[in-house]
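Student: Numbered as in the UniProt record's numbering, the sequence shown ends at 408 without a single skipped number.
What follows is a structure written as structure tokens; I'll ask about it next.
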Amino acid sequence: MRTTTDPGFVQADSYNLPEVTCEMIDIYYEEIAEYFIAGVRNVKAQRATRESYGDVAVGYVQLKRDHPQCIVKARITPEHKIRKQSYLVSVCIDEECHKVIDVKCNECEASEGGCKHGIALIFWLLRRHLHPSVTSTVCYWKKSSLAKLGDLKPTTTVNIFKYKRPPLRSKTTAFLDKTVQLLLEQNSTASIGNCFRTIPTVVEQISLHHMVLKFQATAPIINADHFLQFAKTVLTPEICKKICQITKTQCECPEWFAARFGRITASKLHEVAHCHTYDGTTLEAVLGARKFTPSKAMPRGLILEKQVLQVLCEEKKICAKRCGFTIKPEVPIFGASPDAIAKHHCMEIKCPSRAGTTENYYKNGTITEKFYAQVQLQMFLCDRQKSLFCVASPDFEEDKQITTIEVA
Numbered sequence: 001m002r003t004t005t006d007p008g009f010v011q012a013d014s015y016n017l018p019e020v021t022c023e024m025i026d027i028y029y030e031e032i033a034e035y036f037i038a039g040v041r042n043v044k045a046q047r048a049t050r051e052s053y054g055d056v057a058v059g060y061v062q063l064k065r066d067h068p069q070c071i072v073k074a075r076i077t078p079e080h081k082i083r084k085q086s087y088l089v090s091v092c093i094d095e096e097c098h099k100v101i102d103v104k105c106n107e108c109e110a111s112e113g114g115c116k117h118g119i120a121l122i123f124w125l126l127r128r129h130l131h132p133s134v135t136s137t138v139c140y141w142k143k144s145s146l147a148k149l150g151d152l153k154p155t156t157t158v159n160i161f162k163y164k165r166p167p168l169r170s171k172t173t174a175f176l177d178k179t180v181q182l183l184l185e186q187n188s189t190a191s192i193g194n195c196f197r198t199i200p201t202v203v204e205q206i207s208l209h210h211m212v213l214k215f216q217a218t219a220p221i222i223n224a225d226h227f228l229q230f231a232k233t234v235l236t237p238e239i240c241k242k243i244c245q246i247t248k249t250q251c252e253c254p255e256w257f258a259a260r261f262g263r264i265t266a267s268k269l270h271e272v273a274h275c276h277t278y279d280g281t282t283l284e285a286v287l288g289a290r291k292f293t294p295s296k297a298m299p300r301g302l303i304l305e306k307q308v309l310q311v312l313c314e315e316k317k318i319c320a321k322r323c324g325f326t327i328k329p330e331v332p333i334f335g336a337s338p339d340a341i342a343k344h345h346c347m348e349i350k351c352p353s354r355a356g357t358t359e360n361y362y363k364n365g366t367i368t369e370k371f372y373a374q375v376q377l378q379m380f381l382c383d384r385q386k387s388l389f390c391v392a393s394p395d396f397e398e399d400k401q402i403t404t405i406e407v408a
């Protein structure tokens, strides 16, 4: 239990707390980039502002004034781990300019990305300003109500009925060892096998994330050129071919998503090439940090894709097969998944649901820039000189019409 304040600090009470207003909080958080990430709703941050959490989690409040600044420190009890050591949070306020200068949570792992404990303290100060105690002086140098709950000893059924449990059987790992061995021999994808696997899977070997970690752990010199040389030793032609075979079902296969993680795929090439923002939605999409919500037309496109491919092969009299995720050792950060591949062509199929959206794919017989970049990368990675860009009619179910543009 804390009994003394930090050197130079005094115990906080209802009469010596600094003034904090809504305008001061708005101005401060408008300048903090961590709370304005594209696609993030900050649900936890909003929950931290509520009175039901802050008023019971804040304790041992102390402050120090060094004109014009006032530093307020407090201990914030974790909401879901009340027996854990509380976090030391500090708020620095310029009382002359009426401005919040800084909010820090010194012991939280999430503090660099903007944690909720600093939010809880600053909104606690706001509520103390909006609803001051008018009849008595309230001392805030005390243990928080939430932390006091952690001191309570739970009453168990054993203590109530004084039932003596029979001794447990001796621990043995024979069954677990046998089960794990069987899973590994059968190359099972069960989740429990991932906890005991010592040899990485093929997808883990080519994963850009694992490659970077292994490169940093083993390379004497860390730079882009040395990483490209390292990638060539990992991405052998045999492994690249095996990955393409494993991921043939594309979005129906979890390995397909793992192989794409962190890589610039053909569908994102145009967007990445024209991106001028260092840390925005494009980067988040490549790294998988942005939640993907499929449109209403996507399920229809997945269903029609096989039908369109069958009609196309009959019309063009060619034989095509499904293609998985394709990569090249020379350019490890790029990848592509054409819808199908033939002897001389890559094939990309689009199934718009409305006539008005066909202009997104081609105009006057020419593919738009976005999809032209997509098929160019597909051709490069699949070692094909030509590509068939196929756009099905919005009424394909009835008319079976396909607009085909050959790209060379």
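Even glycine gets a Cβ: it sits at the ideal position worked out from N, Cα and C.
(1) So residue 426 and leucine 208 are supposed to be a Cβ contact under 8 Å. How far apart are they, rounded?
(2) Are the segment 342-351 and the segment 234-241 touching, with three or more C-beta to C-beta distances below 8 Å?
(3) Starting from the Cα of asparagine 364, find the closest Cα among Cys382, Thr404, Ala266, Thr218 and give me that residue.
(4) Along the beta strand (DSSP E) that carries valine 391, what are the first and last residues, could you check?
(5) When the distance is taken between beta carbons, is tyrosine 28 closer than 8 Å to leucine 72?
(6) Would you kindly report the start and end of the unbroken alpha helix (DSSP H) that includes glycine 118?
(7) So for cysteine 105, helix, strand or coil by DSSP?
(8) Please confirm if the segment 9-24 is in contact with the segment 59-79, defined as three or more CB-CB distances below 8 Å between the two stretches.
(9) Can you tell me whether lysine 241 sits near the ligand SAH, meaning its C-beta is under 7 Å from at least one heavy atom of the ligand?
(10) With 16 as the cutoff for other CB atoms within 10 Å, does valine 356 come out buried or exposed?
(11) Quick one: what's got a C-beta closer than 6 Å to glutamate 19's C-beta in the same chain, skipping five residues either side?
(12) Which residue wins for smallest C-alpha separation from threonine 49, given the options Cys115, Gln401, Ile206, Cys323?
(13) Kindly give me the distance between the Cβ atoms of valine 89 and leucine 125, rounded to whole angstroms, as I take these residues to be in contact under 8 Å.
(14) For glutamate 305, which residues of its own chain have a beta-carbon under 8 Å away from its beta-carbon, when the five flanking residues on both sides are left out?
(15) Alpha carbon to alpha carbon, how far is glutamate 238 from lysine 178?
(16) How many angstroms separate the CA atom of phenylalanine 371 from the CA atom of glutamate 406?
(17) Might you give, ordered along the chain, the residues of its own chain that have their beta carbon closer than 6 Å to the beta carbon of valine 212, omitting 5 neighbours on each side?
(18) State the start and end residues of the unbroken beta strand (DSSP E) segment that holds histidine 270.
(19) Might you give, ordered along the chain, the residues of its own chain that have their beta carbon closer than 7 Å to the beta carbon of alanine 190, omitting 5 neighbours on each side?
(20) Just reading off the alpha helix (DSSP H) that lysine 73 is part of, what are its end residues?
(21) Starting from cysteine 92, follow its DSSP beta bridges and name the residues at the other end.
(22) Which value, in whole angstroms, describes the spacing of the CA atoms of threonine 358 and glutamine 205?
(23) By alpha-carbon positions, which one of Glu31, Gly288, Gln307 ends up nearest to threonine 265?
(24) Would you report the Cα separation of aspartate 225 and lysine 241, rounded to the nearest angstrom?
(25) Does the beta-carbon of lysine 296 have 16 or more other beta-carbons within 10 angstroms, so that it is buried, or is it exposed?
Tutor: Answer, in terms of the structure:
(1) Summary: the structure shown does not reach residue 426, with the chain confined to residues 1 through 408, and so no result is reported for it.
(2) With the cut-off at 8 Å, the segment 342-351 and the segment 234-241 do not touch.
(3) The residue labelled residue 364 in the question sits at position 364 within the sequence shown. For the residues Cys382, Thr404, Ala266, Thr218, the minimum Cα distance to asparagine 364 belongs to Thr404.
(4) Locating residue 391 in the sequence shown gives position 391, counting from the first residue. Boundaries of the beta strand (DSSP E) around valine 391: 386-392.
(5) Start at 1 with the first residue of the sequence shown, and residue 72 comes out as number 72. Start at 1 with the first residue of the sequence shown, and residue 28 comes out as number 28. At residue 72 the sequence reads valine, which differs from the leucine that was named. No Cβ-Cβ contact shorter than 8 Å links valine 72 with tyrosine 28.
(6) The residue labelled residue 118 in the question sits at position 118 within the sequence shown. First-last of the alpha helix (DSSP H) with glycine 118: 116-130.
(7) By one-based count along the sequence shown, residue 105 stands at place 105. Strand at cysteine 105.
(8) The segment 9-24, when compared against the segment 59-79, does touch it at the 8 Å Cβ threshold.
(9) This structure lacks the ligand SAH, and indeed carries no ligand of any kind.
(10) For the purposes of this step, residue 356 is taken as residue 356 along the sequence shown, with counting starting at 1. Sequence check: residue 356 is glycine here, not valine. The C-beta of glycine 356 has fewer than 16 other C-beta atoms within 10 Å across all chains shown, which makes the residue exposed.
(11) Translated into positions along the sequence shown, residue 19 becomes position 19. So the qualifying residues of the chain are His129.
(12) For the purposes of this step, residue 49 is taken as the residue at position 49 of the sequence shown. Threonine 49 has its Cα closest to that of Cys115, out of Cys115, Gln401, Ile206, Cys323.
(13) In the sequence shown, the residue the question calls residue 89 occupies position 89. In the sequence shown, the residue the question calls residue 125 occupies position 125. Incorrect: roughly 11 Å between the Cβ atoms, too far for contact.
(14) Working through the sequence shown from its first residue, we reach residue 305 at position 305. Within the same chain, glutamate 305 has close Cβ partners Asp339, Ile349, Cys351.
(15) As a first step, residue 238 is located in the sequence shown; it is residue number 238 there, counting from the start. As a first step, residue 178 is located in the sequence shown; it is residue number 178 there, counting from the start. Approximately 32 Å, taken between the alpha carbons.
(16) The sequence position of residue 371 within the sequence shown is 371, counting from 1. The sequence position of residue 406 within the sequence shown is 406, counting from 1. Counting only the Cα atoms, glutamate 406 lies some 13 Å from phenylalanine 371.
(17) Taking the first residue of the sequence shown as 1, we reach residue 212 at position 212. Nothing listed; no residue qualifies.
(18) For the purposes of this step, residue 270 is taken as residue 270 along the sequence shown, with counting starting at 1. It is not in any beta strand (DSSP E) - histidine 270 instead sits in the alpha helix (DSSP H) that spans 269-273.
(19) For the purposes of this step, residue 190 is taken as the residue at position 190 of the sequence shown. Result list for alanine 190: Leu183, in chain order.
(20) On the sequence shown, residue 73 is found 73 positions in, with the first residue counted as 1. Boundaries for lysine 73: no alpha helix (DSSP H) harbours it, while the beta strand (DSSP E) harbouring it runs 69-76, taken from the DSSP string.
(21) Counting from one through the sequence shown, the residue named residue 92 turns up at place 92. Beta-bridge pairing links cysteine 92 to Ile71, Asp102.
(22) Sequence index remark: in the sequence shown, residue 358 carries index 358 (1-based). Sequence index remark: in the sequence shown, residue 205 carries index 205 (1-based). Between threonine 358 and glutamine 205, the C-alpha separation is close to 39 Å.
(23) Numbered from 1 along the sequence shown, position 265 holds the residue referred to as residue 265. Ranked by how close their Cα comes to the Cα of threonine 265, the residues Glu31, Gly288, Gln307 have Gly288 in first place.
(24) Residue 225 sits at position 225 when you count from the first residue of the sequence shown. Residue 241 sits at position 241 when you count from the first residue of the sequence shown. Cα to Cα, aspartate 225 sits roughly 24 Å from lysine 241.
(25) Indexing the sequence shown from 1 puts residue 296 at position 296. Label assigned to lysine 296: exposed.
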